[in-house]
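For reference, the structure discussed in these notes is given below.
Number of protein chains: 2
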Amino acid sequence: MDGNSRVQKRNRSAILAAALDVFSQHGYRGATLDQIASAAGMSKPNLLYYFPGKEAVFVQLLHELVDKWLEPLRQLNADGDPLEEIRTYVRRKVQMSQEMPQESRLFANEIVQGAPRMGTYLSQDLKELFDEKTALLSKWMDEGRIARMDPQHLIFSIWATTQHYADFEAQIHLLSDPGTDVFQSAAEFLDNLYVRLLTP
Amino acid sequence: MDGNSRVQKRNRSAILAAALDVFSQHGYRGATLDQIASAAGMSKPNLLYYFPGKEAVFVQLLHELVDKWLEPLRQLNADGDPLEEIRTYVRRKVQMSQEMPQESRLFANEIVQGAPRMGTYLSQDLKELFDEKTALLSKWMDEGRIARMDPQHLIFSIWATTQHYADFEAQIHLLSDPGTDVFQSAAEFLDNLYVRLLTP
DNA sequence: TGTTTTTTTTACCATTTGGTCAAAGCAAGG
DNA sequence: CCTTGCTTTGACCAAATGGTAAAAAAAACA
Chain R
1 MDGNSRVQKR NRSAILAAAL DVFSQHGYRG ATLDQIASAA GMSKPNLLYY
51 FPGKEAVFVQ LLHELVDKWL EPLRQLNADG DPLEEIRTYV RRKVQMSQEM
101 PQESRLFANE IVQGAPRMGT YLSQDLKELF DEKTALLSKW MDEGRIARMD
151 PQHLIFSIWA TTQHYADFEA QIHLLSDPGT DVFQSAAEFL DNLYVRLLTP
Chain F
1001 MDGNSRVQKR NRSAILAAAL DVFSQHGYRG ATLDQIASAA GMSKPNLLYY
1051 FPGKEAVFVQ LLHELVDKWL EPLRQLNADG DPLEEIRTYV RRKVQMSQEM
1101 PQESRLFANE IVQGAPRMGT YLSQDLKELF DEKTALLSKW MDEGRIARMD
1151 PQHLIFSIWA TTQHYADFEA QIHLLSDPGT DVFQSAAEFL DNLYVRLLTP
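So the protein sequences, as listed, match chains R and F. Here the working numbering is used: the first residue of the first sequence is 1, the next is one more, and so on. Here the working numbering is used: the first residue of the second sequence is 1001, the next is one more, and so on.
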């Protein structure tokens, strides 16, 4: 076998799924291999048969998530209607906060601590994409199709407002009116916010 | 002595200052008593002479910060001009992100992990203040002095956008145009954002 | 079925870490 | 100087934790 058998694939993804659970809840240092292994339904030495160590699990998990995470921004389409493109982007980001809160918190945890295990990765893929899209936003502003403002801060504000609902879920849940769908009302609020902000 | 001598006060605050450094950078589990003690210029047993344990240091640190942290929201004045009050609040929050990024990241870390050591505290002080201020915002909206929207999400969005600059500093720094004052431009961007959003 | 290869487990190790303890240092009053 | 009470430290401990080694178990193959 070449190390990619069906069993291997199944176990590797079971480990990564378990690692997402555990790392996102306790952070890198707070998570233990025993916890992850147990959540993946195997023993610690067995987990270490599939990954060379704790950090390797964490790093691969992060790397596999970056793509998924940046996809909505990648889809911001230069040929579409500016306002609709941005509204769609915001809607997708809120949806991701709802459907993948663990992934969001995993990133948040890593970045809050200074991204010690993601530094180079961030500065490549992410920076390239960020520069491309801020340039696009600038162009739209130059053409008068959306209101003029700092495009970098515009993206920051979208990230902040949308990811907040996943990253600070504990606080949100505590403070929100019970009985309402937080993500539904958040989507409406943010849609209105960005329409008001961006309409020239 | 009654346990509050000058030496005691000096050492306790040295410990808390060191703990802020270390906890905000590595999280609760990632920080070690040795690190904190060493940063405070003393030995670990000496630190444990002043605090009963690691968690006690962490909890007291958090409790002492909550007050400082909520102060700007407390100052939202029912008798002031609504728009100016909110602009002042946003400006103060940005300023706090700039001047107390460690405090911000300490909270972020705790909340991202589900606030396991702050639950009850949050649900009391914070919730009470939050409800009071959303009621105030609602009143202002009823009176037609600011645009109508969900007041809870309005506060969430202010927290998200302002604290983002402290909590995600690593990312912000990596992506921002070098040579510009991030906090200065952020303050301008957010001022403009909330003026546009809130003007009836 | 017998052999080889992959997978899993049991037992273990070294280090880290939160915390204890008893002894030593030290300031203040007598 | 000597006692008394507060402060600091060096030595130590038990538990947790990342990781290893070798053998058992299970598949895969011939």
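A virtual CB, placed ideally from N, CA and C, is assigned to each residue, including glycine.
- The three-state reading of DSSP puts G41 (chain R) in coil, since its state is none of H, G, I, E or B.
- A straight line joining the alpha-carbon of F1156 (chain F) with that of D1150 (chain F) spans about 10 Å.
- For R1196 (chain F), the residues of chain R that pass the 7 Å Cβ criterion are R196 and L197, in the order they occur in the chain.
- Chain F has a Cβ within less than 8 Å of the Cβ of V112 (chain R).
- Taking a C-beta distance under 8 Å as the contact criterion, Y194 (chain R) and V94 (chain R) do not qualify as a contact pair.
- Ranking R:F130, R:R12, R:N192 and R:W159 by CA distance to the CA of P52 (chain R) puts R:R12 first.
- Sequence-distant partners of R10 (chain R) (beyond 5 residues in either direction) whose C-beta falls short of 8 Å from its own C-beta are missing from its chain.
- Residue environment analysis places G27 (chain R) among the buried positions, since at least 16 neighbouring C-beta atoms fall within 10 angstroms of its C-beta.
- Around Q102 (chain R), the same chain offers L20, D21 and S24 as residues with beta carbons nearer than 7 Å, after the five sequence neighbours per side are excluded.
- Between the alpha carbons of K1044 (chain F) and G1030 (chain F) lies a gap of roughly 16 Å.
- When C-alpha distances from D1167 (chain F) are compared across F:T1088, F:Y1050, F:L1076 and F:E1099, the shortest belongs to F:E1099.
- Not one beta carbon of chain F lies nearer than 8 Å to the beta carbon of M42 (chain R).
- When 9 Å is used as the limit between beta carbons, L122 (chain R) is near these residues of chain F: A1170, Q1171, L1174 and L1175, in chain order.
- When 8 Å is used as the limit between beta carbons, T1088 (chain F) is near no residue of chain R, the shortest such separation being about 19 Å.
- Counting along the chain, T1134 (chain F) sits inside the alpha helix (DSSP H) bounded by residues K1127 to D1142.
- At a beta-carbon threshold of 7 Å, none of the residues of chain R lie near Q1035 (chain F); the nearest stands roughly 12 Å away.
- For L1020 (chain F), no CB of chain R lies under 8 Å from its own CB, so it is not counted at the interface with that chain.
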